[in-house]
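So for the sequence shown, the working numbering puts the first residue at 1241; every next one is plus one. A quick write-up on the structure given underneath.
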Amino acid sequence: MPLYQLIYLLLLLTCCWVGVVKFSLFSKPIKLIVLLTLFIIVAEIGALALQKYSKTNYPLYHSVPAISSVVYGFIFYHFFKTSTKLKYWPILISGIVAMTSILVSVWIQSIYTFPSIGLSLLGLYVTFCSLVLFTKMLLNPESKSLIKEPKFWFGIGSLIFYSSTFFFFGLFKSIRDTGSDVPDWGYILIRIANYIMYSCYLITLWLAGRQGRKATSA
């Protein structure tokens, strides 16, 4: 297994371990982040198995965006939660993204094509919601520093990774359409963005666990 892949899996495993150990201390959106990381590590292990035995794991990356978008929808719903009639919009849009991803993979794009349109839609959706999250945090500041807010780190990690993904996969398709090879720096960009995102998610879980412990002992 390449070193970069080992580091990635260890980072994911650490997030899952911290999340499971501190699960009872978390609020609903943080618990959903734990479930998301558990789903992702199962998907990544499945991708490794498919790559080894089927020589391609592309079909998996047509199903992951649909499931991930729904989980992200509920996470952002809880982070954005208000009393307005539009409070369900993150869930509604995530459902549209999920259904579109599935329909595209069934009727338009082969499941053996990479990157899937679903991945690009997921990248666009999470990037947009992350920007909305930061806007809400700036418009409704809390007494404590932003860097002590779990959702701040969740937003940072999500924004960096998914904006990079959306940019690169768009570039990926354009380059492939010309018959050229995709540059190595593109894959390096995605790996670094992946490391950053799950490092930020780990900070999110650690801060949320510390806050949850303080709340239960108060």
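The beta carbon of each residue, even a glycine, is placed where N, CA and C say it ideally should be.
Residue nearest to residue i in terms of C-alpha spacing, selected from the options
i	options	result
L1300	S1350, L1243 and Y1365	S1350
T1456	W1257, L1265 and C1256	L1265
R1453	V1261, L1251 and T1322	V1261
Y1441	L1246, Q1245, Q1451 and T1254	T1254
F1314	T1322, Y1328 and S1303	Y1328
Y1248	L1445, I1443 and N1434	N1434
L1445	Y1244, F1354 and L1252	L1252
S1308	K1321, T1324, S1341 and L1326	S1341
V1311	F1279, T1322 and K1321	F1279
Secondary structure of residue i, DSSP reduced to three states
i	result
F1266	coil
T1322	coil
T1375	helix
E1284	helix
Q1451	helix
Y1352	coil
P1305	helix
T1367	helix
S1385	coil
P1330	helix
T1296	coil
N1380	coil
M1241	coil
Burial state of residue i, where buried means 16 or more other Cβ atoms lie within 10 Å
i	result
K1292	exposed
M1241	exposed
I1428	exposed
W1347	exposed
I1273	buried
P1305	buried
W1257	exposed
L1359	buried
L1276	buried
Y1352	exposed
S1294	exposed
P1381	exposed
L1361	buried
Own chain residues within Cβ distance below 7 Å of residue i, not counting five before or after
i	result
I1430	S1404, T1405 and F1408
F1319	P1269, L1373 and K1391
K1271	F1263
M1437	G1397, S1398, I1400 and F1401
9 Å Cβ cutoff, residue i in contact with chain B
i	result
K1321	The structure shown contains no chain B, having only a single protein chain.
Beta-carbon contacts of residue i that lie in its chain and below 6 Å, excluding the five residues immediately before and after
i	result
I1357	V1344 and Q1349
Y1402	G1363, V1366 and T1367
F1316	P1330 and C1369
N1297	A1287, L1290 and Q1291
W1393	C1440, I1443 and T1444
Own chain residues within Cβ distance below 8 Å of residue i, not counting five before or after
i	result
A1448	K1262, L1265, F1266, S1267, I1270 and P1390
Y1244	R1431
F1354	Y1298 and Y1301
L1378	none
(request) Could you say if the region 1281-1298 and the region 1333-1340 meet the contact criterion of at least three C-beta pairs nearer than 8 Å? (result) Contact annotation: the region 1281-1298 does not touch the region 1333-1340, with fewer than three C-beta pairs closer than 8 Å.
(message) Does the region 1379-1388 come into contact with the region 1396-1406, if we say contact requires no fewer than three beta-carbon pairs (one atom in each stretch) closer than 8 Å?
(response) Contact between the region 1379-1388 and the region 1396-1406 is absent, because fewer than three Cβ pairs lie under 8 Å.
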